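Per UniProt numbering: the sequence shown = residues 1 to 357.
Everything below concerns the one structure shown next.
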Amino acid sequence: MSLVVDIRHRLGDFSLEAAFSSDGGVTALFGRSGSGKTSLIRIIAGLTRPADGRVQLDGDVLVDTAAHRFVPPHRRRFGYVFQEARLFPHLTVRRNLDYGRWFAPKGARAENPARIIDLLGIGSLLDRQPAHLSGGEKQRVAIGRALLSSPRLLLMDEPLAALDDERKAEILPYLERLRDEVGIPIVYVSHSVAEVARLADTVVLMAAGRIEAIGPASDVLGGPRLASAMERREAGSVLTGRVEANDAAHGLATIRLEGGAALLVPGAKASPGETVRLRIPARDVMVATARPEGLSALNILEGTLEAIEPDGEGMASLRIACGGDHVRARITALSVERLGLEPGLPVHAVIKTVALE
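In structure tokens form, the structure reads like this:
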């Protein structure tokens, strides 16, 4: 799948100008509220006609303002999941799902309903009315309905924004299974670093109607542009590793990072051999010039200080190379001065286990 977007549009005083391409997986449109994420996904869906530009999917031109071409939403074969589930209240879950199947075009590869029901864990809900579902259950049904329409592309506009933390934790594993097992490309809108770090393959970072950065989740979420587009407290690192062992008695799993270092993280339910992502907030990383002792922190990584970036607020962002991985820390400029920190200096990154996601 190849999605190409190059558009310009104005909404009142707000100007949107965005160009990016995606080759499948989960592409996250990420940024703070008001950055233009929903406006952009509505243009991709065909719900908004851009003033100028082009949208193309796998060679199929959906929008080309120069050629006066605009394919209406119902002919694009895209699934759309909104912040609210928008289920039909008078229909059971089963009939809501059937409604999605009615929109699958003849000859299109039909998703197996039983497989989708199992994937989303909604088999026990089929005879219920939407009024008797939790927020997370409603969203899973809405996702199932969208998938059963056999979409070429699935658009998800902050599908977890209306849920509390408990419901978000409930639905995120299902979204991971959707990403890994279904194979339908997804454009996912969010302003949550935790969601994007966990789900996205590619991140399109947006601010004030413009694209600040595009790239793999680990690069964008751990890069310097994040602080300018989001709150500085959101800065951090996204690392990939494999579950090596788990300790059920203490509720911890050992994750072997791609660079070779090991971290203890909460989550003994993780299965050995499973590939996972870890997000480490920069504000939860301490830096030491000698290996500390007598600490409660379980994770101490040896590394080399690669860069120091003052932020003008009495703080500094540090990038530390730990083997083949990079960890970011945010400390005070006074600490940088007192420790005599400079690029090339051997340091230890001290990470509280409870800070890991």
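Even glycine gets a Cβ: it sits at the ideal position worked out from N, Cα and C.
These figures come from a predicted structure and were not determined experimentally.
Shortest alpha-carbon distance to residue i belongs to which of the options?
i, options, result
"Leu11", "Tyr174, Ala208, Leu147 and Tyr99", "Ala208"
"Ala28", "Tyr99, Glu176, Ile186 and Gly273", "Ile186"
"Arg140", "Ala288, Ile214, Phe14 and Met156", "Met156"
"Arg291", "Val285, Thr65 and Leu301", "Leu301"
"His68", "Ile280, Val55 and Gly79", "Val55"
"Ile116", "Val265, Arg101 and Gln129", "Arg101"
"Asn299", "Val276, Arg330, Pro266 and Ser271", "Pro266"
"Arg49", "Val354, Pro72, Ile255 and Ala355", "Pro72"
"Pro173", "Val182, Leu199 and Leu153", "Leu199"
"Val287", "Arg338, Lys269, Ala104 and Pro113", "Arg338"
"Asp180", "Pro113, Ile7 and Gly25", "Gly25"
"Asn112", "Val182, His348 and Ser218", "Val182"
"Leu305", "Leu148, Arg279, Leu341 and Ser149", "Leu341"
"Glu195", "Ala262, Leu221 and Gln129", "Leu221"
"Ala333", "Asp311, Ala349 and Gly344", "Asp311"
"Glu166", "Ala213, Glu137, Ile143 and Ser218", "Glu137"
"Leu263", "Gly314, Val350, Ala249 and His191", "Val350"
"Gly79", "Phe70, Phe103 and Leu87", "Phe103"
"Tyr99", "Asp118, Gly144, Thr65 and Arg210", "Gly144"
"Glu313", "Ala261, Ala213, Ala169 and Ile331", "Ile331"
"Gln83", "Val189, Arg256 and Asp219", "Val189"
"Thr65", "Ser218, Leu57 and Gly53", "Gly53"
"Ala249", "Arg42, Ala51, Lys269 and Glu234", "Lys269"
"Leu154", "Ala213, Leu57 and Asn246", "Leu57"
"Ile122", "Arg152, Arg77, Ile171 and Arg76", "Ile171"
Reducing DSSP to helix, strand and coil, say where residue i ends up.
i, result
"His74", "helix"
"Ile184", "coil"
"Leu278", "strand"
"Pro130", "helix"
"Ser33", "coil"
"Ser271", "coil"
"Leu175", "helix"
"Leu125", "helix"
"Glu293", "coil"
"Leu163", "coil"
"Leu305", "strand"
What first and last residue would you give for the beta strand (DSSP E) that runs through residue i?
i, result
"Ala207", "Thr202 to Ala207"
"Glu212", "Arg210 to Pro216"
"Leu318", "Met315 to Cys322"
I need the boundaries of the alpha helix (DSSP H) containing residue i, first residue and last residue.
i, result
"Thr27", "Segment Val26 to Phe30 is the beta strand (DSSP E) holding Thr27; no alpha helix (DSSP H) there."
"Gly100", "Val93 to Trp102"
"Thr38", "Lys37 to Ala45"
"Gly144", "Gly135 to Leu147"
"Asp325", "Element bounds for Asp325: not the alpha helix (DSSP H) but the beta strand (DSSP E), Asp325 to Thr332."
"Asp118", "Pro113 to Leu120"
"Leu199", "Val193 to Leu199"
Tell me, which residues are paired with residue i by DSSP?
i, result
"Arg54", "Asp6 and Asp64"
"Phe82", "Looking at the DSSP assignment, Phe82 forms no beta bridge with any residue, so it has no partner."
"Ile255", "Val243 and Leu263"
"Leu153", "Phe78"
"Asn299", "Ile351"
"Phe14", "Leu11"
"Phe20", "Val5"
"Glu170", "Per DSSP, none; premise fails for Glu170."
"Arg283", "For Arg283, which the question treats as bridged, DSSP gives no partner whatsoever."
"Glu337", "Partner(s): none; Glu337 has no beta bridge."
"Arg69", "Asp64"
"Gly236", "Pro281"
"Val189", "Leu29 and Asp157"
With a threshold of 6 Å (Cβ to nearest heavy atom), would residue i be considered close to the ligand ZN?
i, result
"Ala194", "Although the ligand ZN was asked about, the structure shown includes no ligands whatsoever."
Checklist entry - Counting Cβ pairs, one atom from each stretch, are 3 or more of them under 8 Å apart for the region 235 to 255 and the region 311 to 329? => result Segments in contact, yes.
Next on the checklist: Is it the case that the region 34 to 51 contacts the region 13 to 23, given that we only count it when at least three CB pairs across the two stretches are under 8 Å?
Outcome noted: With contact defined as three or more Cβ pairs closer than 8 Å, the region 13 to 23 and the region 34 to 51 are in contact.
Checklist entry - For the 8 Å Cβ check, are there 3 or more pairs between the region 310 to 322 and the region 160 to 167? => result Contact between the region 310 to 322 and the region 160 to 167 is absent, because fewer than three Cβ pairs lie under 8 Å.
Checklist entry - Do the region 121 to 140 and the region 85 to 98 touch if we need at least three Cβ pairs shorter than 8 Å? => result Yes, since at least three Cβ pairs between the region 121 to 140 and the region 85 to 98 fall closer than 8 Å, the two stretches touch.
Item to check | the region 272 to 289 touching the region 345 to 355, judged by at least three CB pairs closer than 8 Å | outcome: Yes, the region 272 to 289 touches the region 345 to 355.
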